[in-house]
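These notes are about the structure you will find just below.
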Amino acid sequence: MDGLEGSGSGSGWCVNCGNRSEWEDWVGLSLFDDTVLVAVTTVCVPLLLLGLLGNALTILVVWRRPQMRSTTYLYLSSMAVSDVLILLLMPLDLYKLWRYRPWLLGEAVCKLSMFVGECCTFSSILHMTALGAERYLAVCFPLRARLLVTKRRVRVLIAGLWGVAMLSAGPALALVGVEQLEGGASECRCTQYAQTSGLLKAMLWLSNLYFICPLTILTLLYGLIARRLHLRAHTHRDKTHHQTLRMMVVIVLVFILCWLPFHVSRTLFSVSDSSDLYYISQYFNLVSLVLFYVSAAVNPLLYNIMSARYRANVLAMLRSIVGSTDEQRHRARTSPLTASHSSTHF
């Protein structure tokens, strides 16, 4: 949705890149009135704060607590990094909603915001797919999984997933740019090259394939896992598998609910020449923008609700941080050195 004649998202691009002249008269500094913009901003700012805090806690708890460094949580912490980067794009998207023309932040910010958003979105989908495949191996082929799935290999795979995501998002750097419009105003929007070369349509279908294919694979994998767990005798290990499966299914469902409106609206609009549909789609895309950031912010909340292990380790980490801080303050208060004594060291 970036460059969408005033509607933006760190994960998308303009579905109308025709720059049709009959629509230019509609466009002022923003397509939306102040009431709508205030409402969206009021929703997004708490999402930004809660999302950054929650995802930062996820990253910290995995890397500070050795018992949380399972392969599953290695994937989830990497997804949290992706969500943090996505959330950091929110101020830029809000800026574009309020005043997208003229563009004052330069060509690099225009292109990099698109690239980072696409890269992180692709990365999250690839992580969910890889995690689904790992869960399938762990449940259906446990002996093989113990040999194949190690922390070292998972770390290498995570690096590979990020590499694939970066390569897939690479064309986005040529998709948008800062263009000068009639009257001298500049705008971060889809480039003429992207329109005429077919790059826009290619990236549209690539994005849709990144959405449809992984979710089809995940539906099949989780269906097979559920069937295997249902058919065999239950063990304590299966209880753990059930808990992990439920959490991952909920994460995938939330992802679908948050992203399906965006893909549907962009695909429908890209094949339509209706100016009425253009106007309606702007509000549809505004809802999609909010859902996009809900998707990035909500995962830590889901972990906290559905995983007792996650909750316990986050609380233990916070207690240890608070305890170490209190201990440092206590040592500072009881230190025999006075200010005059300590100054002799300088």
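Numbering (full-length UniProt numbering), first residue to last: 1 to 346. Backbone N, C-alpha and C fix where the C-beta goes; we use that ideal spot for every residue, glycine too. Quick caveat: nothing in here was measured; it's all calculated off a predicted structure.
- Take Thr244, set aside five residues on each side of it, and the residues of its chain with a beta-carbon closer than 8 Å to its own are Thr72, Arg135, in chain order.
- By DSSP's assignment, Gly177 forms a beta bridge with Arg189.
- Closest by C-alpha distance to Ala169, out of Val298, Ser113, Ala108, Leu143, is Ser113.
- When Gln282, Val294, Glu107 are compared, the shortest CA-CA separation from Glu187 is found for Glu107.
- Between Phe122 and Tyr222 the beta-carbon gap is near 21 Å, outside 8 Å, which marks them as no contact.
- Residue state for Arg155 is assigned as helix, using DSSP reduced to three classes.
- Listed in chain order, the alpha helix (DSSP H) runs fully inside the stretch 76-152 are 90-98, 106-140, 142-148, counting runs of at least 4 residues.
- Using a C-beta cut-off of 8 Å, the stretch 115-129 makes no contact with the stretch 33-50, since fewer than three inter-stretch Cβ pairs fall below that distance.
- Taking each of Val40, Ala194, Val61, Phe141 in turn and checking the Cα distance to Lys96, the smallest one comes out for Val40.
- In the structure shown, the three-state DSSP call for Asp34 is helix.
- Closest by C-alpha distance to Leu37, out of Leu286, Ala316, Tyr303, is Leu286.
- Comparing alpha-carbon positions, the option among Ala297, Asn208, Ser320 lying closest to Leu260 turns out to be Asn208.
- Under the three-state reduction of DSSP, Gly198 is assigned to coil, being neither helix nor strand.
- Taking a C-beta distance under 8 Å as the contact criterion, Met317 and Leu60 qualify as a contact pair.
- Counting the other Cβ atoms within 10 Å of the Cβ of Ala194 gives 16 or more, which makes it buried.
- The alpha-carbon separation between Val149 and Tyr75 amounts to approximately 12 Å.
- By the criterion of a C-beta distance shorter than 7 Å, Val164 is surrounded in its chain by Leu126, once the five residues flanking it on both sides are discounted.
- Taking a 10 Å sphere around the C-beta of Asp93, we find 16 or more other C-beta atoms and assign the residue as buried.
- A residue is called buried once 16 or more other Cβ atoms fall within 10 Å of its Cβ, and Lys151, having fewer, is exposed.
- In the displayed model, Ser307 falls within coil according to three-state DSSP, outside both helix and strand.
- Here Ala297 is actually not in contact with Gly117; their C-beta atoms are around 15 Å apart, not less than 8 Å.
- If you compare the alpha carbons of Val84, Gln67, Gly198, Phe284 with that of Leu53, the shortest gap goes to Val84.
- Between the beta-carbon of Thr191 and that of Val176 there is about 6 Å, and that keeps the pair under the 8 Å contact cut.
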